[in-house]
Amino acid sequence: MRVADLPLAPEYVEHFEREGIAELYPPQVAAVEAGVCDGDNVVAAVPTASGKTFVAELALLTADGPGLYVCPLRALAREKYEEFDALPGVDAGISTGDYDSAASDLAANDVIVATSEKVDSAIRNGAGWVDDLACVVVDEVHLLGSPGRGPTLEVTLATLRRRAPEVQIVALSATVDNPEDIAAWLDAELVESTWRPVDLRVGVHAEGTVEFDDGSSLSVPVDAGDPASDADTEATAELVRGAVADGGQALAFVASRREAERLAERLSEERLPAVADGVDRGGDGDGGDEGDGDAVDNRETAAVEVAAELREAGGTETGDRLAETAERGVAFHHAGLSSDHRALVERSFRDRKLSVICATPTLAAGVNVPARRVVVRDQRRYTGEGTEWLPVLEVHQMCGRAGRPHLDPYGEAVLVADDREEREGLWDRYVTADPERVESKLRDPAALRTHTLALVATGIAGSQTEVLDALGGTFYASRTSNPNLGGVVGDAIASLIDDGLLAPTDAGDDAGIEATPLGEQVSRQYVTPDTGVRIVEGLEAVAGMDPETVTELTAFEIVCDTPDMVDTYLGNAERAEIYQFARTRSAELTTGMTEAEDFEGWLESVKTARVLTEWVDGASVEELVAAYRIGPGDLESRIERAEWLLGAADAIAEVVGVDMPAFASARKRLVSSTEEEDT
DNA sequence: TGCTTTGGCCTGTAGACAGCATGTC
DNA sequence: CTACAGGCCAAAGCA
């Protein structure tokens, strides 16, 4: 099937042909046959990089009205927005927490790109564009199974379909075990395929040999030279070296940030391309010695450019080390990096200016960074309940990053094992195993509290029966003949009434409920009910405090102690000092040292509050990062959240009727400190 | 005695969505 | 019932 055969306007056909898309990939053909261009609902469970974006574009361009593209990450939203906006005659808009497109009138856009939470929030705040949609594309729909965010996605989709029953739904999923269940929920045709544009072989390394799933094998010379590093790291380094020597790029996945940095530093010391050539250039020999010297030189020049860009983007200790490794073509990547550095690393790798990225598992879920070879050194990860095996789905996503269409002849993914015995284990667990099933997490009490409140606050439901009715359209309900959510929803309603977020209506016959002004504000501000409750408690404490002692620190402490703030690790070495700080400033805090039910957690929030206080008082990123042992990216995320939560707290203070100007002033100072930093 | 190896204990650990309303070079 | 690797320090090993 060719692009020209599709029911597309000529300018689109021309556009796609210019982009090199002439012939459709098999999964795309299947999607067309399933009806993506005819307004039919389709679920496509296909590997990453098998042309999902094009399927999305087909649905959006052939839909009879405006379309919405929902995805899980802001960085992905940005990427798709730019892609859609480049389509001829398409006016695209974007709406995420950190970025709204300049044309704020989303109702006028042909395509809107948004994160799932932003869509949920838009519904809660009565955004007009929600009702006019003809088509909704949901990317990474398997996230339905994610405990934190899955319920939001399913409730949001249920609400969208309820409001516009005719809306076309196109859901794109990674390969999962039960895509048919998702398709059944959405009344969609299922398209399933494992086809990829580049061949991929997956293997497991043990004791110097990689055995691949296609029966081939590869021997990896074990360099026993460096006793300082273990066998897994040696094998990883050698596999990376091999890919680079071959003119390819490599991704190496490890479990922690520190390991990612260590591996990158180690690899960068080797002068990869030169070593890979088998030529020991020692310290001097810059003279052109081989025929492929040019390629190496170009790569080196490009890497030096990247390092310069990284240095320009902001100097911290982490950033300097990153620039140093990048200079030799190797970068590390994790969430502790500033967002500028992260984006730069991703982009430079995509532009082939870097040879290697050593990363924590997140890189697999983020923006598109394909490589010739992927090496998964660590398959476990710390989770708070000890180290756990990574989900099969996640490892498959890492492996799926191997192989760049048109650039690599094939992709290779290698899991590194300790010994032969473990090779068997990894083989069974990841190579031959099916990915996990996707199951709804809506039954979780916290999720139900959030969404019950939202349904009532937006006027969708006015009683327990109506809440259950609204939830009838969720993935959860479709998965069971007897949802039996009644009891759990009843509990959620009772607890929300208890917290003053809902109230029984006067009519009182059918157990009618409505949101209190507080509940309405909590829902609109998009904070969880528990956060709302914590803010109210804080305000009650403030009302009893001497106004002189209500400061910005008070405001920061309240919002940092809510569940919507990320917690900050409190090291043993600094615990005493933070404790001391809390004691000397106790008059400004809403929680007494003895009354915190979770003392450790509270002390962590005091640490976060202290960091933010110093930030607004003019401390630099560099100083804070050094003093509190957090990454620049961690500081960014806390500032961003504090900004949001202080705004929410300010709105809640007004509803509750407590005068707390510190919320607004702290927020204003945060915003201006951030702007100052930018200049 | 001095240098190296071994053993045991302590420490630290992945990631990232969301509000709202204006003034601005 | 549930981790575990890396770093540090001190004690033991060795010439």
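Each residue of the first sequence is one higher than the one before, counting from 1 in UniProt numbering.
Just so it is clear, CB atoms sit at the ideal spot from N, CA and C, and this is done for glycine as well.
Given the structure is predicted, the values throughout are model-derived calculations rather than measurements.
Excluding sequence positions up to five before and after D419, its CB lies within less than 8 angstroms of the CB of A206, E207, all in the same chain and listed in chain order. For H396, there is no enclosing beta strand (DSSP E); the residue is found in the alpha helix (DSSP H) stretching over 392-399. Put simply, the backbone Cα of D428 is about 23 angstroms away from that of G145. Here A252 is near R377, since their CB atoms are less than 8 angstroms apart.
Secondary structure remark: continuous alpha helix (DSSP H) runs of at least 4 residues inside the region 525-606, in chain order: 529-543, 552-560, 572-584. Around the beta carbon of K668, fewer than 16 other beta carbons sit within 10 angstroms, so the residue counts as exposed. In the DSSP annotation of this structure, the continuous segment of the alpha helix (DSSP H) that includes Y628 starts and ends at 621-628. Annotation for F663: A555, L646, A649, D650, A653 place their beta carbon closer than 7 angstroms to its own, counting only its chain and skipping 5 residues before and after. The C-beta distance from L624 to V616 rounds to 11 angstroms, too long to fall under 8 angstroms, and the pair is not in contact. At the C-beta level, D199 and G51 stay beyond 8 angstroms of one another. Proximity of the region 63-80 to the region 119-139 meets the contact definition, three or more beta-carbon pairs being nearer than 8 angstroms.
Secondary-structure assignment with DSSP links E192 through a beta bridge to A45.
With respect to L73, G366 sits close: the two C-beta atoms are nearer than 8 angstroms. Judged by DSSP secondary structure, L218 falls within the beta strand (DSSP E) whose first and last residues are 217-219.
No Cβ-Cβ contact shorter than 8 angstroms links A108 with D132. With a threshold of 16 other beta carbon atoms within 10 Å, E588 meets it and is buried. Here D100 carries a strand assignment [DSSP, helix/strand/coil]. When C-beta atoms of the region 187-197 are compared with those of the region 25-41, three or more pairs fall below 8 angstroms, so the two segments count as touching. About 4 angstroms separates the beta carbon of C358 from that of A264, a gap short enough to meet the 8 angstroms contact definition. Looking at the DSSP output, Y430 shares a beta bridge with no other residue. Fully contained in the region 407-477 are the following alpha helix (DSSP H) runs of length 4 or more, in chain order: 420-426, 445-457, 464-471. Following the DSSP letters along the chain, one finds S268 inside the alpha helix (DSSP H) bounded by residues 257-268. Sixteen is the threshold: since fewer than 16 other Cβ atoms of the shown chains lie within 10 Å of the Cβ of H406, the residue is exposed. For E436, the CB contacts under 8 angstroms within the same chain, skipping 5 residues up- and downstream, are G145, V176, D177, P391, V392, L393 in chain order. Proximity to A164 across I123, T531, A183, E180 peaks at I123, based on C-alpha coordinates. T613 sits close to L553, with the two beta carbons spaced by under 8 angstroms. Boundaries of the alpha helix (DSSP H) around T156: 150-163. For A343, there is no enclosing beta strand (DSSP E); the residue is part of the alpha helix (DSSP H) that begins and ends at 339-350. Looking at the DSSP output, Q168 sits in a beta bridge with C135. Here DSSP, grouped into helix, strand and coil, assigns P504 to strand.
A Cβ-Cβ separation of about 7 angstroms places V467 in contact with V456 under the 8 angstroms criterion. An exposed status is given to E388, since fewer than 16 other beta-carbon atoms sit within 10 Å of its beta-carbon. In this chain, A174 is not harboured by any alpha helix (DSSP H), its DSSP state being neither H nor E. Note on Y382: under 16 other CB atoms within 10 angstroms of its CB, so exposed under the neighbour-count rule. Burial is judged here by how many other beta carbons sit within 10 angstroms of a residue's own beta carbon; Y99 has fewer than 16 and is exposed. Under the three-state reduction of DSSP output, T516 falls in the coil class, being neither helix nor strand.
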